[in-house]
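A.B. asks:
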Amino acid sequence: MSDDPILSARGLSLSFGAVRALDGVSLDLWPGEVLAIVGESGSGKSTLLRVMAGEARPDAGAVTYRDTLGASMEVHGMGEPALRRLARTEWGFVRQDAREGLRMGVSAGGNVGERLMATGARHYGSIREEAARWLERVEISPSRIDDRPGTFSGGMRQRLQIARTLVTRPRLVFMDEPTGGLDVSVQARLLDLIRGLVSDLGIAVALVTHDIAAARLLAHRLVVMREGRIVEEGLTDRVLDDPRHPYTQLLVSSVLAA
Ligand SMILES: Nc1ncnc2c1ncn2[C@@H]1O[C@H](COP(=O)(O)OP(=O)(O)OP(=O)(O)O)[C@@H](O)[C@H]1O
Ligand SMILES: [Mg+2]
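Numbering follows the numbering used here, with no gaps: position 30 of the sequence shown is 36.
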């Protein structure tokens, strides 16, 4: 891992009316690191992810991204076109509901190929070949390449979304509950797949999950959120095996008891 964080958040606050969704959140994400953001429902996890990815503007604070060339940029100061360009090249976003991350009217191959074309690929034959390779990589039969995602199971759709996101080899991927809403057996297989791909490709991941087991499996480091604040952070095993904040202790024990 290099010396500089790929993404730094400083003092992020964001309120919705009386709700302080984020209340002075600061964190760093390092190149190639998987950082899990855990906490109960409503603690501000998704809001934090959306602010870090430039999809929501904080009331206070800043997010700095360091690009491939080492240049620093303020995510909320860079303007829509530049942000959109980043989002389709160096970044990726995996949504809990795959339908939000896919184009449902386009074939599976088209969903993967479209991202490649957005980064400059032009040759139809090689785009289709690469799309087929990625379908295999996420355990979808390439014979389904011309089928639309609407004909896929929930787990397949999520794997397709992952192929669409990773085909351009982003350096930084935001994931919001990537296994949420899926069958437990499907979740386990998906987590394994994500773990393999993320470590093969050396991607930095900000992973929002309320699934402690998923965090344990995937994340190097963990931050625990409560009411818009980070109450504890550290290496995953340390936080889960020796939680220091009472809230983390509760969170970990309630999972063990469940
Ligand atoms: N667009 C919005 N408008 C109004 N309130 C919002 C909005 N987005 C989030 N909130 C509120 O901010 C708080 C944090 O929401 P957020 O979605 O970040 O929580 P979360 O930790 O992702 O929860 P979950 O685990 O249920 O997804 C909640 O009280 C939520 O109702
Ligand atoms: Mg959420």
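Yeah, the Cβ is synthetic: ideal placement off N, Cα and C, and Gly gets one too.
Report yes if the C-beta distance between residue 46 and residue 216 is below 8 Å; otherwise report no.
C.D. replies: Closer than 8 Å, so yes.
A.B. asks: How is residue 49 classed by DSSP in three states: helix, strand or coil?
C.D. replies: coil
A.B. asks: Around the Cβ of residue 120, are there at least 16 other Cβ atoms within 10 angstroms (buried) or fewer (exposed)?
C.D. replies: Its Cβ being crowded by 16 or more others within 10 Å, residue 120 is buried.
A.B. asks: Taking 8 Å as the cut-off, does the region 78–98 touch the region 57–70 (at least 3 CB pairs, one atom from each stretch)?
C.D. replies: yes
A.B. asks: Taking just the CA atoms, how far does residue 24 sit from residue 144?
C.D. replies: For residue 144 and residue 24, the gap between their C-alpha atoms comes out near 43 Å.
A.B. asks: Do residue 225 and residue 12 have their beta-carbon atoms positioned less than 8 Å apart in this structure?
C.D. replies: no
A.B. asks: What whole-angstrom Cβ distance do residue 141 and residue 118 have, given they're in contact under 8 Å?
C.D. replies: 7 Å
A.B. asks: If you draw a straight line from the C-alpha of residue 19 to the C-alpha of residue 54, how long is it?
C.D. replies: 9 Å
A.B. asks: Name the two residues that bound the continuous beta strand (DSSP E) containing residue 26.
C.D. replies: 25–35
A.B. asks: Tell me whether the beta-carbon of residue 74 lies closer than 8 Å to the beta-carbon of residue 122.
C.D. replies: no
A.B. asks: Can you tell me the Cα-Cα spacing of residue 41 and residue 236, whole angstroms?
C.D. replies: 13 Å
A.B. asks: Using only the heavy atoms of ligand 1, determine whether one of them is closer than 7 Å to the beta carbon of residue 52.
C.D. replies: yes
A.B. asks: Are the region 176–187 and the region 98–115 touching, with three or more C-beta to C-beta distances below 8 Å?
C.D. replies: yes
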